[in-house]
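Note sheet for the following structure.
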Amino acid sequence: MRLSNRLAEATELRLPATLVFDHPSPRKLAVLLRQRPEAVGGLTPQAESRPPGTLVGLLRTAVESGRSDEFMDLLFAVSRFRPAFQAADGAEWVPDLLRLADGFEQPVLVCFPSLLAIFGPHEYARMATTFRARRTVLALPGFRDGEPLPATVEAIVELGARGVLRGTKGAPFALLGHSTGGLLAQATAARLEELGARPAAVVLVDTFALDGGGGGAEGPGAGTEAPSRMTGAILARDGGYGSVDDAKITAPTLLVRAADTSSAGVVGSWPLEHAAVDGRGDHFTVLEEDAPATAELIEGWLREVCPQSPDDM
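Numbering-wise (my numbering), the sequence shown opens with residue 6 and increments by one.
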C-alpha cells in the first residue's frame, strides 16, 4: 500500500488500490506507468471530479439521503444482469491465490476479501507484513470489472474452496475474513469440511452475522467513506450475495472485535461457537494502522489452538 501511495504521488494519477498486486514486478510496473499510464486505469487529477461509476454515485446519494434500503433493492436487481456462472461450471475460474507473506509456521493463513467497501487482497497487506518470516499469508484475488461472477452463494463458496485447496498444496491452513469476508471464510470452511479438508482454524475480523445488525445496508461499509473505495462490480457482487448465511463448523473460530464501534455502530458479533478478543481501532483501522496489533492477537491465538510439532519448526 505504501508503494501504491508513493506511485500515485509521483505520477499525479489516481491509481487502482490493487495496482501492485496486478503486475508481476516493480520494474514492469514502472515501464508500464511511464509508457502507457492509461493501461493501469490512471486518471489525472482534473478527471477526479467525474463520477467513479454509476452504482457508486447512486450509493453516495442513497447514503447521504438516508435511502440505503432502496439502493440495496436496486442493487439486488442490477446484480442479476452481470455475466455469471454456476458452481458446476466454475472450474476455469478457480483463482490463483496471491502471496502476501512467506513464513515457516503452520497453518498457512488464507484471507478472503470483503464484499463491500474495502475490497480485494490489498486490505490485508499491512497485516501480512507482521507475519513475514513467520507465517505464510495468501489471499483470494477477488474479481475484476467485466469478469463473470459466481451466480450463487454456492458457486462463490465452491470457487473459494477450490482456490484454497489448490493454493495451499496440502499444507495445513486457516481461513480469515474481515467484515463480509468473514461470512465467506465461514461458509468456505463448512464446504471444505464437507470435502474432508478441515481448516485448522477460522478467524473473523469484526464480522457481523447477517441478522445481527451491522452487516446490512446501514452497517459497516455503508457510511459516507465507503463509496470512494468501491467499484460497480463489487457493489453488484454484494447485491447478488446478500444471502450468505452462517454454517456450523468444527474448526475453532476466533472473532476479533474492533474496540471502537463509532464507524460501525455495533459491536462485532457471531452466533456460533467461538472465542473472542477485542482489538484496537474501528471497523476499518483494525486492518489499517492498527493491523500490526490485530496480527499479534491472531498469531497468539493460532499458537494456542494450532501448536507446532517438532517437524513443523
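Note that beta-carbon positions come from the ideal geometry of N, C-alpha and C, so glycine has one too.
Handout entry: Sequence-distant residues of the same chain with beta carbon closer than 6 Å to Val208, five excluded per side
Key = Leu181, Leu259, Ile303
Problem - Close Cβ partners of Gln91 (< 6 Å) along its chain, the five nearest in sequence each way excluded - result: Ala156, Ala160
Handout entry: Straight-line gap, His183 to Ile254 (C-alpha atoms, nearest Å)
Key = 18 Å
Exercise for the section: Let me know the secondary structure DSSP gives Val208 once reduced to three states. Expected result: strand
Exercise for the section: Return the CA-CA distance between Asp265 and Gly187, expressed in angstroms with no decimal places. Expected result: 19 Å
Problem - CA nearest to the CA of Asp295, picked from Trp306, Ala194, Ala130 - result: Ala130
Exercise for the section: Output yes or no for whether 9 Å exceeds the beta carbon distance between Gln191 and Ala263. Expected result: no
Practice task
Compute the Euclidean distance between the alpha carbons of Ala194 and Leu114, then round it to the nearest angstrom.
Solution key: 13 Å
Handout entry: N-terminal and C-terminal residue of the beta strand (DSSP E) that Gln111 is part of
Key = 110–117
Exercise for the section: Could you tell me the distance, in whole angstroms, from the CA atom of Val310 to the CA atom of Asp211? Expected result: 20 Å
Exercise for the section: Can you tell me which of Gly284, Glu97, Glu128, His279 puts its alpha carbon nearest to the alpha carbon of Thr299? Expected result: Gly284
Practice task
Give the DSSP-derived three-state secondary structure of Leu307 in the structure shown.
Solution key: helix
Exercise for the section: Have a look at Leu170 and Glu198 and give me their C-alpha separation to the nearest angstrom. Expected result: 12 Å
Exercise for the section: Give me the Cα-Cα distance between Ala122 and Met77, rounded to the nearest whole angstrom. Expected result: Because the pLDDT at Ala122 is just 43, under 50, the model does not fix this residue reliably, and the value given afterwards should be weighed accordingly. Rounded to whole angstroms, Ala122 to Met77 spans 14 Å at the Cα level.
Problem - Neighbour-count burial assignment, Gly286, 16 or more Cβ in a 10 Å radius - result: buried
Exercise for the section: Go ahead and pull the three-state DSSP assignment for Arg234. Expected result: Reliability of the predicted coordinates at Arg234 is poor, the pLDDT of 38 falling under 50, and the value obtained from them is presented with this limitation in mind. It is helical.
Handout entry: C-beta contact flag for Gly168 and Phe136 at 9 Å
Key = no
Exercise for the section: Measuring alpha carbon to alpha carbon, tell me which of Ala214, Leu154, Gly175 ends up nearest Ala202. Expected result: Gly175
Practice task
For Leu302, name the three-state secondary structure that DSSP assigns.
Solution key: helix
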